[in-house]
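Report on one structure; see the data block that follows.
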Amino acid sequence: MAVTNYNLFNYIWRFNNFKPRICDSSFYVYIILVSKILGISAFYHDSAAAIIINGKIIAAAQEERFTREKHDSSYPFNAIEFVLSFSKLKISDLDAIVFYEKPFLKFERLLETYVAMAPKGFVQFSKAMPVWINEKLFQKKLLLEMIKQHDEKFNDPKKIFFSEHHLSHAASAFFPSPFEEAIVLTADGVGEWATTTVAIGKGNDLKIKKEIHFPHSIGLLYSAFTYYTGFKVNSGEYKLMGLAPYGDPKYKALIIDNLIDIKNDGSFRLNQDYFNYTTGLTMTNEKFHNLFGNKPRGSDEKITQFHMDIASSVQTIIEEVMLKICSSLREEYKIPNLCLAGGVALNCVANGKILEQKIFDKIWIQPAAGDAGGSLGGALAYWHLELKNSREILNNDQMQGSYLGPIYSDLDIQKTLKDLGAKFDILDDKNLIEKTAKDLSNGNAIGWFQGRMEFGPRALGARSILGDPRSPTMQKNLNLKVKYRESFRPFAPSILREDLSEWFNLNNDSPYMLLVTNVNSSKVKKISKQEEKLFGIDKLNVNRSDIPAVTHVDYSARIQTVHKETNLKYYNLLNKFKEITKCPILVNTSFNVRGEPIVNTPEDAFRCFMGTELDMLVIGNCYLNKNDQNLGLMENFKD
Numbered sequence: 001m002a003v004t005n006y007n008l009f010n011y012i013w014r015f016n017n018f019k020p021r022i023c024d025s026s027f028y029v030y031i032i033l034v035s036k037i038l039g040i041s042a043f044y045h046d047s048a049a050a051i052i053i054n055g056k057i058i059a060a061a062q063e064e065r066f067t068r069e070k071h072d073s074s075y076p077f078n079a080i081e082f083v084l085s086f087s088k089l090k091i092s093d094l095d096a097i098v099f100y101e102k103p104f105l106k107f108e109r110l111l112e113t114y115v116a117m118a119p120k121g122f123v124q125f126s127k128a129m130p131v132w133i134n135e136k137l138f139q140k141k142l143l144l145e146m147i148k149q150h151d152e153k154f155n156d157p158k159k160i161f162f163s164e165h166h167l168s169h170a171a172s173a174f175f176p177s178p179f180e181e182a183i184v185l186t187a188d189g190v191g192e193w194a195t196t197t198v199a200i201g202k203g204n205d206l207k208i209k210k211e212i213h214f215p216h217s218i219g220l221l222y223s224a225f226t227y228y229t230g231f232k233v234n235s236g237e238y239k240l241m242g243l244a245p246y247g248d249p250k251y252k253a254l255i256i257d258n259l260i261d262i263k264n265d266g267s268f269r270l271n272q273d274y275f276n277y278t279t280g281l282t283m284t285n286e287k288f289h290n291l292f293g294n295k296p297r298g299s300d301e302k303i304t305q306f307h308m309d310i311a312s313s314v315q316t317i318i319e320e321v322m323l324k325i326c327s328s329l330r331e332e333y334k335i336p337n338l339c340l341a342g343g344v345a346l347n348c349v350a351n352g353k354i355l356e357q358k359i360f361d362k363i364w365i366q367p368a369a370g371d372a373g374g375s376l377g378g379a380l381a382y383w384h385l386e387l388k389n390s391r392e393i394l395n396n397d398q399m400q401g402s403y404l405g406p407i408y409s410d411l412d413i414q415k416t417l418k419d420l421g422a423k424f425d426i427l428d429d430k431n432l433i434e435k436t437a438k439d440l441s442n443g444n445a446i447g448w449f450q451g452r453m454e455f456g457p458r459a460l461g462a463r464s465i466l467g468d469p470r471s472p473t474m475q476k477n478l479n480l481k482v483k484y485r486e487s488f489r490p491f492a493p494s495i496l497r498e499d500l501s502e503w504f505n506l507n508n509d510s511p512y513m514l515l516v517t518n519v520n521s522s523k524v525k526k527i528s529k530q531e532e533k534l535f536g537i538d539k540l541n542v543n544r545s546d547i548p549a550v551t552h553v554d555y556s557a558r559i560q561t562v563h564k565e566t567n568l569k570y571y572n573l574l575n576k577f578k579e580i581t582k583c584p585i586l587v588n589t590s591f592n593v594r595g596e597p598i599v600n601t602p603e604d605a606f607r608c609f610m611g612t613e614l615d616m617l618v619i620g621n622c623y624l625n626k627n628d629q630n631l632g633l634m635e636n637f638k639d
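Following our numbering, the numbering of the sequence shown begins with 1 at its first residue and continues without gaps.
Shown next as structure tokens:
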């Protein structure tokens, strides 16, 4: 492949002997005896806040859940208010506030990239400079002013610290994990400079050993193809992953020959001749489009077999890179455990391949693997790395099922529903579980709102829409009539952990819905020769297993194992559904419609219920039937 325009960008692993990577903006460490730490991520995408007390994770939430703006990147005022309130703290009670990345290093990348590429990229550079000069470059001052919104008397900049982006990711993956020692692999679009890092975690220590730097990034490669296939960058990557099984990797060789040079150890470089993200306002350029013979798909244009094959091709490349990196790391460090974080760690298909090939004995993935999780990682890094505090290692992990968000009492729920004009019955736990399981077995789609909201992008049985996986029409109906989204999008199965290996080719915990595996052959249905010849979206309507609503076209499924220790109510519901149907599985998808974040409050849940074709809403111990509701309260969420 042609190699041009690299200048100061080195594609190989950069080996590091790092000094402390958490500091204040004056580049020194101000150490105090810390017990209460607030972590913040903001100003790029998926802003969030988290609080730890004496190293224990107390609360965490994304700002989007409060503002109702998906992937909200603004200062997480509401999320901070929540974690403070839940922890019964004021800003003045905090011992440290840690921001998840270092703005000076990011500014350095911006300047050096422009110098390396000049005069290309002037428009992008000129648009970025005013924002940096007025705000981001002086982020400590900006943060201090914003923190004063919570308490105008707060005026202690020495309590504000900055972690590095990938260290925050690595800390979020290792410190809550169940491992005494692990290799920690993080990969995303870009942090300050790093796009891929390798760290070694042991006890309460974590050291980054090597990095790959911008502009070479498998996260940005995947985002480039996300853009090219007509989906939104930084939010549509999972659509690309869901589309991939409908296609064939016909363009894999073309990508390897022209776009990416992959070394035996998995390190890589991208040929910048084909990309526009360093110098322009789009991800790809004309040379990229000419290589594949098509312009980028418009978001309102039809998805064709070409787009499916493109998706399949880049997905295969990502898997190959991740597998090579993991194999090389296992051989180099001889450590049996792997932790994953960063946006690429949300590629559950690649995660499943790593597990399937048994490169590592055990894998643990941070459920808030994207930038939101950086808020938690920054706080944990400060607690363990700078203050040298010991680490408690639990058999499962320290994430508490990732149920770290707001919770509402039954009295609060009932008052809200009455104020909204809702009609509902109040049931005790036993009758609530029995009625919900029976209605699910009769094919109803149910909104399920219970306990603390999940932290991270996945609904895990607290803010979920549930259905019967045995129904051959459930997947299509949920997509088109409830979620109002593309029909090809797959749904995940929630399954009782003890029944996992009977139904799926997996015997590992997967509580965070971040592993993909195949449905067991004993549950698969034989398809006809005529069905085998189908292409593209036509494959969607083929009944492939005993649980067609959660069986993707390649016979795979994104698994959530349900454990009574972390979500007893959801566990009991699955148990009751199993008693009725002999099936220990439910369809579980996030409680929202396309373009809107997962619901947070009882009011959010009722509005979504009344704006979609959901049949029932179970919120706390209140049971709502759509047929009982005032038709004047109906909303139209379809558009």
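Positions of the beta carbon are idealized from the N, C-alpha and C atoms, including for glycine. Predicted, not measured: the structure shown is a model, and the values here were computed from it.
Excluding five sequence positions before and after Asn636, the CB atoms of its chain that fall closer than 7 Å to its own CB belong to Gly611, given in chain order.
Residue state for Ile255 is assigned as helix, using DSSP reduced to three classes.
Taken in chain order, the complete alpha helix (DSSP H) segments of 4 residues or longer contained in the region 163 to 194 are 165 to 174. In the DSSP assignment, Cys326 falls within the unbroken alpha helix (DSSP H) covering 305 to 333.
DSSP lists no bridge partner for Phe225. Take the alpha-carbon of Arg297 and the one of Glu386: they are about 48 Å apart.
Secondary structure note for Glu211: it is in no alpha helix (DSSP H), and the uninterrupted beta strand (DSSP E) holding it is 205 to 213. If you draw a straight line from the Cα of Gly242 to the Cα of Lys358, it is about 24 Å long. Our two residues, Val314 and Asp628, have alpha carbons roughly 48 Å apart in a direct line. For Asn575, the uninterrupted alpha helix (DSSP H) segment begins and ends at 568 to 581. Annotation for Asn477: the continuous alpha helix (DSSP H) segment containing it runs 474 to 477. Pairwise C-beta distances place the region 252 to 268 out of contact with the region 561 to 579, as fewer than three of them are shorter than 8 Å. The C-beta of Gln149 has fewer than 16 other C-beta atoms within 10 Å across all chains shown, which makes the residue exposed.
The three-state reading of DSSP puts Phe609 in helix, counting H, G and I together.
Below 8 Å, enough C-beta pairs join the region 38 to 55 and the region 368 to 380 to call them touching: three or more. Annotation: the continuous beta strand (DSSP E) that includes Met616 extends over 616 to 619. Here the alpha carbons of Pro602 and Phe449 stand approximately 8 Å from one another. With distances taken between CA atoms, Asn592 lies nearest to Asn479 out of Thr416, Glu392, Asn479, Cys583. With a 10 Å radius around the Cβ and a threshold of 16 neighbouring Cβ atoms, Met634 comes out exposed.
When Leu291, Tyr251, Thr282 are compared, the shortest CA-CA separation from Thr316 is found for Tyr251. In the pairwise beta carbon analysis, the region 425 to 440 is classified as touching the region 611 to 624: at least three pairs are separated by under 8 Å.
Rounded to whole angstroms, the gap between the alpha carbons of Leu346 and Arg65 is 19 Å.
Out of Gln272, Gly201, Tyr277, the CA that lies nearest to the CA of Tyr227 is found in Tyr277. The beta carbon of Ala244 is closer than 7 Å to those of Ala311, Ser312, Gln315 in its chain, skipping five residues each way along the sequence. Close CB contacts of Asp205 within its chain, under the 8 Å cut and outside five residues either way in sequence, are with His384, Leu385 (chain order).
Counting only unbroken stretches of 3 or more residues, the beta strand (DSSP E) elements lying wholly within the region 413 to 462 are 446 to 449, in sequence order. In the DSSP assignment, Lys36 falls within the beta strand (DSSP E) that extends over 36 to 41. The region 68 to 83 and the region 408 to 420 do not touch, with fewer than 3 CB-CB distances between them shorter than 8 Å.
As computed with DSSP, Pro493 is found in a beta bridge with Val587. Excluding sequence positions up to five before and after Asp93, its CB lies within less than 8 Å of the CB of Lys36, all in the same chain and listed in chain order. Here Ala59 is bridged, per DSSP, to Ile51.
Look at Ala341 here: in three-state DSSP terms it is strand. In the displayed model, Arg65 falls within a helix according to three-state DSSP.
The C-alpha of Ala171 is placed about 21 Å away from the C-alpha of Glu63. Looking from the CA of Ile57, the closest CA among Asn541, Pro490, Trp364, Gln400 belongs to Gln400.
For the pair Asn351 and Gly421, the Cα-to-Cα distance works out to about 45 Å.
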